[in-house]
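These protein sequences, in sequence, are chains D and F.
Quick note: the first sequence, position 158, residue 157 per numbering that gives the first Met the number 0, numbers continuous.
Quick note: the second sequence, position 55, residue 54 per numbering that gives the first Met the number 0, numbers continuous.
Idealized CB from N, CA, C, for every residue including glycine.
Number of protein chains: 2
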Amino acid sequence: MEKFEVHILGCGSALPTTRHFPTSQIVNVRDKLFMIDCGEGAQLQFRKSHLKFSRLNHIFISHLHGDHCFGLLGLISTLNLLGRTAELHIHSPKGLEALLTPMLDFFNRQMTYEVLFHEFDTKAAIQIYEDRSLTVTTIPLRHRMPCCGFLFAEKQSPNHILREMVDFYQVPVYELNRIKNGADYVTPEGKIIPNGLLTTPSAPPRSYAYCSDTLPLPSIVEQIRGIDLLFHEATFASEDAPRAKETFHTTAVQAAEIARSAGVKKLLIGHFSARYEDESVLLQEASAIFPDTLLAKETLCVSV
Amino acid sequence: MEKFEVHILGCGSALPTTRHFPTSQIVNVRDKLFMIDCGEGAQLQFRKSHLKFSRLNHIFISHLHGDHCFGLLGLISTLNLLGRTAELHIHSPKGLEALLTPMLDFFNRQMTYEVLFHEFDTKAAIQIYEDRSLTVTTIPLRHRMPCCGFLFAEKQSPNHILREMVDFYQVPVYELNRIKNGADYVTPEGKIIPNGLLTTPSAPPRSYAYCSDTLPLPSIVEQIRGIDLLFHEATFASEDAPRAKETFHTTAVQAAEIARSAGVKKLLIGHFSARYEDESVLLQEASAIFPDTLLAKETLCVSV
């Protein structure tokens with residue numbers, strides 16, 4: 000199976016603790032790396048996870064709170080020191096380019112590569128990235144400022160050719176791409192060989208959604224229905240539900256309810272408030288509602 | 000003895016490694032905390048060192064390279080989240096306030112406390128801080144941009160009163176301060192009691208100098224002569240001396256030569272290049288010239 004995994008670089012919330020870095024993740028899809036959020040220290044954690052900077056070309060920022068983007072200056076500067084030449088794309092809600100540019104200009108007098116900002120409207124789900132095997136779509140969230148999650152969805156892969164059958168029917172090479180994509184084969188004599196005889200279906204496409212920071216939002220359920228892995232913030236335990244509401248955050252129970260309603264396969268919770276010395280209370284509360292729940296943890300890697 | 004110690008929060012140089020954070024230190028003088036430089040992640044390391052944010056009122060920035068100041072945004076924002084009310088003073092070369100202010104204004108809509116910037120000229124040694132027991136003076140350095148080190152010098156403490164002698168001569172309470180500061184006592188009968196009979200001298204004042212980033216600079220030797228502890232950058236080993244010169248940095252041997260010329264008591268080296276998997280080569284090279292050399296290390300605490 001092609002690689003599709005999520006590395007947690009940081010899963011704390013805004014206040015620093017001795018246990019967590021602020022939010023950042025790497026999504027590895029077939030060795031292309033995508034960063035989601037970039038809290039302070041993300042580049043240090045990136046190194047600790049033994050990932051390669053050269054494979055990172057796109058960064059997605061959910062919203063412009065410091066604990067989700069203060070690591071950008073250091074990361075961008077480091078890539079410059081390393082002599083990067085490939086463009087770096089930063090996707091974010093409006094305003095980031097204007098904020099970062101004066102500092103980037105001052106601290107990196109000569110850039111070896113270009114940083115391209117792509118600012119999206121947070122009100123509707125928009126596809127903001129596409130390549131041969133993947134799309135990334137925003138998930139509108141509700142926080143104290145414009146904020147989006149991100150849905151990483153694999154495209155359906157072509158079917159696998161059954162080499163021995165293709166040889167048996169003497170299918171010409173130029174027909175193979177059509178057949179991979181589902182076409183039947185018609186022999187020179189006009190006989191139709193059904194696609195099912197020539198191929199086996201590829202694995203179903205997988206998908207991962209990242210939702211942080213937000214109030215629990217039933218409106219996201221349709222967009223994330225049936226996905227393989229959902230990361231959802233679970234900043235607070237139930238006893239702090241009033242505080243969660245007040246600060247536009249989610250409790251572990253609420254995150255689990257979203258996961259259950261959407262029928263996702265696995266739930267990963269994070270963005271833990273600094274008040275919990277031990278997050279097992281959050282895991283317990285979520286697992287009671289949605290058993291297949293995992294706690295995020297720095298350097299944890301989860302397969303989608 | 001009153002507390003005077005240096006905590007290493009980070010001692011790497013600009014490129015992140017799995018071993019080091021970028022530069023930041025805390026100088027603890029009698030439970031007042033002073034930060035020197037504030038690389039990315041400084042606030043996280045601060046927490047790890049179990050220090051109290053409320054005791055930090057002054058930050059000294061040596062120069063405006065990212066690896067010495069990218070942690071400021073996160074730290075200032077965290078203090079705001081914590082509801083700090085005391086002013087925070089940031090001393091730096093010119094330019095920092097203009098760079099940080101737009102980002103601080105955006106990311107901290109409502110500040111609970113005031114950040115006061117004090118920008119100094121890096122060309123001459125200037126006293127930039129003073130309280131009852133301490134002065135901080137800049138040490139002009141030579142780097143690729145305006146840069147200063149900092150000399151933390153205790154003031155001479157008043158002498159200790161010998162309680163039994165003061166009682167014996169029936170010295171009135173209102174005379175005690177003068178006597179602590181060296182005055183003799185004159186009895187109502189006009190007899191002179193020499194100060195040496197009434198007091199014992201306090202411990203000699205201690206001092207700490209921080210010198211990073213810089214070419215090895217003989218001009219600093221007079222200013223740091225005989226100090227108790229010198230932190231000097233030692234970015235490179237001797238085999239990389241050409242690279243040190245080119246980038247305006249110091250080798251471990253050159254740092255040790257400065258320490259020896261200045262007759263300091265102890266040398267602490269840091270700001271290690273990412274190229275050394277193991278910094279013992281730097282320690283060996285420095286120790287050969289100046290035996291009382293220590294390697295900096297995250298969370299290390301050295302008494303001055």
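Rounded straight-line distance, which links the Cα of residue j to that of residue i
i        : j        : result
Glu118/D : Ile125/D : 11 angstroms
Leu196/F : Gly262/F : 34 angstroms
Thr84/F  : Val114/F : 10 angstroms
Thr298/D : Phe230/D : 15 angstroms
Arg141/F : Cys146/D : 45 angstroms
Ile89/D  : Ile60/D  : 7 angstroms
Val135/F : Asp66/D  : 32 angstroms
Leu74/D  : Lys154/F : 42 angstroms
Tyr128/D : Lys31/D  : 13 angstroms
Gln42/D  : Gln109/F : 29 angstroms
Glu221/F : Val165/F : 41 angstroms
Gly189/F : Gln169/F : 14 angstroms
Ile191/D : Pro157/D : 20 angstroms
Arg205/F : Asp130/F : 15 angstroms
Asp36/D  : Gly225/D : 24 angstroms
Lys122/F : Thr22/D  : 40 angstroms
Thr213/D : Asp239/D : 15 angstroms
Tyr209/F : Met144/D : 42 angstroms
Ala152/F : Lys244/D : 50 angstroms
Phe167/F : Pro200/F : 19 angstroms
Leu133/D : Met34/D  : 15 angstroms
Ser286/D : Glu39/D  : 30 angstroms
Residues that residue i contacts on chain F, provided the C-beta gap is smaller than 7 angstroms
i        : result
Ser201/D : Per Cβ cutoff of 7 angstroms: no residues; Ser201/D is ~37 angstroms from chain F at best.
Contact list for residue i against chain D, beta-carbon separation under 8 angstroms
i       : result
Gly70/F : Glu39
Leu98/F : Pro101, Met102 and Phe105
Option nearest residue i by Cα separation, candidates the options
i        : options                                   : result
Leu175/F : Gly269/F, His159/F, Lys265/F and Leu133/F : His159/F
Thr100/F : Pro92/F, His90/F, Phe116/F and Glu86/F    : Phe116/F
Leu266/F : Ser272/F, Arg108/F and Glu256/F           : Glu256/F
Glu284/D : His270/D, Ala236/D, Phe271/D and Asp291/D : Ala236/D
Pro193/D : Pro203/D, Pro204/D, Gly181/D and Pro200/D : Gly181/D
Phe3/F   : Thr213/F, Gly38/F and Tyr207/F            : Tyr207/F
Pro203/F : Val303/F, Arg259/F and Ala123/F           : Val303/F
Asp291/D : Glu276/D, Lys264/D, Ile223/D and Asn27/D  : Lys264/D
Arg259/D : Leu216/D, Arg242/D and Ala243/D           : Leu216/D
Thr17/D  : Arg54/D, Gly82/D, Ser279/D and Tyr275/D   : Tyr275/D
Pro15/D  : Ala273/D, Lys296/D and Leu80/D            : Ala273/D
Thr234/D : Val28/D, Glu278/D, Phe106/D and Thr77/D   : Glu278/D
Phe106/D : Asn27/F, Leu161/F, Gly269/F and Gly94/F   : Gly94/F
Ala251/F : Phe271/F, Leu281/F, Ala243/F and His270/F : Leu281/F
Lys179/F : Val185/F, Phe167/F, Leu161/F and Thr186/F : Leu161/F
Ile219/F : Gly148/F, Val172/F, Phe69/F and Ala243/F  : Gly148/F
Cys10/D  : Val301/D, Ala287/D and Gly269/D           : Gly269/D
Leu150/D : Ile288/D, Asn79/D, Pro187/D and Val5/D    : Val5/D
Leu81/F  : Thr246/D, Ala13/D and Asp183/D            : Ala13/D
Asn56/F  : Leu87/F, Phe45/F, Pro92/F and Phe271/F    : Leu87/F
Met102/D : Gly70/D, Pro92/D and Asp120/D             : Gly70/D
Ser304/F : Gln253/F, Met0/F, Asp104/F and His64/F    : Since the first and last residues shown for chain F are 0 and 303, residue 304/F lies out of range.
Phe20/D  : Leu8/D, Thr111/D, Leu293/D and His64/D    : Leu8/D
Contact with chain F by residue i, beta-carbon distance below 7 angstroms
i       : result
Ser76/D : yes
Lys47/D : yes
Gln44/D : no
Any C-beta of chain D under 7 angstroms from that of residue i
i       : result
Thr17/F : yes
Where residue i meets chain F, residues with beta-carbon distance less than 8 angstroms
i       : result
Ala13/D : Ser76, Thr77 and Leu80
Interface partners of residue i on chain D, CB under 7 angstroms
i       : result
Gly73/F : Glu39, Gly65 and Phe69
Under 9 angstroms from the C-beta of residue i: neighbouring residues of chain D
i       : result
Phe20/F : Gly40 and Leu43
Members of the region 104 to 119 of chain F that neighbour chain D once the beta carbon cut-off is set at 9 angstroms: Phe105, Phe106 and Asn107
The region 150 to 173 of chain D: positions lying closer than 8 angstroms to chain F by Cβ: none
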